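Below is one structure, written out as structure tokens; comments come after it.
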Amino acid sequence: MLYIVATPIGNLKDITLRALEVLKGVDLIACEDTRHSKILLNHFGIRTPTTSYFQHNRFSKGQYILALLKQGKNIALISDAGTPGILDPGYHLIHLAIKNNIEMTVIPGPTAFISALVLSGRPTHEFIFAGFLPNRQQARRNRLKELAKLKQTIVFYESCHRILAALADIQQVFGNKEVVIARELTKKFEEVKRGPAAEIIAHFQKGAVRGEFVVVI
Ligand code: SAM
19 MLYIVATPIG NLKDITLRAL EVLKGVDLIA CEDTRHSKIL LNHFGIRTPT
69 TSYFQHNRFS KGQYILALLK QGKNIALISD AGTPGILDPG YHLIHLAIKN
119 NIEMTVIPGP TAFISALVLS GRPTHEFIFA GFLPNRQQAR RNRLKELAKL
169 KQTIVFYESC HRILAALADI QQVFGNKEVV IARELTKKFE EVKRGPAAEI
219 IAHFQKGAVR GEFVVVI
């Protein structure tokens, strides 16, 4: 059986009892980055063997994991943070398992965009999760213009390297509309900043821009 196991997005205490039970009990844990996941596994005294499953080995390693599942092994899939399959290579393994009629279940837990959405205070009854915006400015602006036509709350991920450029484009496209930035959720420097993009840019320009970001408009 394949277990899709959500892990914390920062605070290691945000692991569920079921997740610990499954990670201890399976034959193998497929990790996006085994070294990164060792921090979590060591913290909870989990000695289960691990293997890497990431963007660039997803085809070959996917077949290897599939062969083990077909032999009757129990395998857990975890990503670097949050819920596997949400913007990480987990999606491909889940798809492969479905195509091959592998029994599968999910152990639910944190996902950064859900935490940001509820903290944002914006309407949550309908929202669009837009993943990561394109890297290039023109493509990013075009994507923002498409999103601006929607009535729903918009949520997307952004890295510290591009957050200021993304906010500048948000200012261009959305003007004074309130934007909510959720940074480093569940971590020591967790911060939620609300206001027009121009104000948020001024706030983040005060120092080095660090951490992981979710943007809500
Ligand atoms: N699978 C993950 C999930 O369930 O949320 C998302 C993986 S995606 C590759 C990584 C992005 O998620 C980061 O660039 C950041 O935008 C967002 N993210 C992850 N952890 C976060 C946190 N603690 N605070 C804010 N954003 C976070």
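For the sequence shown, position 86 matches number 104 in the working numbering, and the numbering has no gaps at all.
Yeah, the Cβ is synthetic: ideal placement off N, Cα and C, and Gly gets one too.
No experiment lies behind these values; they were computed from the predicted model shown.
- Using a Cβ-Cβ distance cut-off of 8 Å, the region 30-50 and the region 86-106 are in contact, since at least three pairs of beta carbons, one from each stretch, lie closer than that value.
- Sorting Ala166, Thr142, His143 by C-alpha distance to the C-alpha of Val191 places Ala166 at the top.
- Burial of Ile96 is indicated by the presence of at least 16 other C-beta atoms within 10 angstroms of its C-beta.
- If you compare the alpha carbons of Arg201, Arg212, Ile112, His54 with that of Ile93, the shortest gap goes to Ile112.
- If you draw a straight line from the Cα of Gly63 to the Cα of Arg228, it is about 30 Å long.
- With fewer than 16 neighbouring CB atoms inside 10 Å of its own CB, Glu144 falls in the exposed class.
- The three-state reading of DSSP puts Val232 in strand, counting E and B together.
- For Lys211, the enclosing beta strand (DSSP E) has its first and last residue at 209-214.
- Listed in chain order, the beta strand (DSSP E) runs fully inside the region 144-199 are 145-150, 171-177, counting runs of at least 3 residues.
- Note on Thr123: under 16 other CB atoms within 10 angstroms of its CB, so exposed under the neighbour-count rule.
- Under the DSSP assignment, Tyr109 falls in the alpha helix (DSSP H) whose first and last residues are 108-117.
- Taking all protein chains in view, the Cβ of Ala37 is crowded by 16 or more other Cβ atoms within 10 Å, so the residue is classified as buried.
- Just measuring C-alpha positions, the residue of His221, Ser177, Leu114, Ile120 sitting nearest Val232 is Ser177.
- Residue side-chain check: Glu39 keeps its Cβ at 7 Å or more from all non-hydrogen atoms of the ligand SAM.
- Put simply, the backbone Cα of Gln89 is about 10 Å away from that of Met19.
- The beta-carbon distance between Leu30 and Gly80, rounded to whole angstroms, is 28 Å. This is too long to meet the 8 Å contact definition.
- The region 218-225 makes contact with the region 172-187; the number of CB pairs closer than 8 Å reaches 3 or more.
- Secondary structure of Thr69 (DSSP, three-state): strand.
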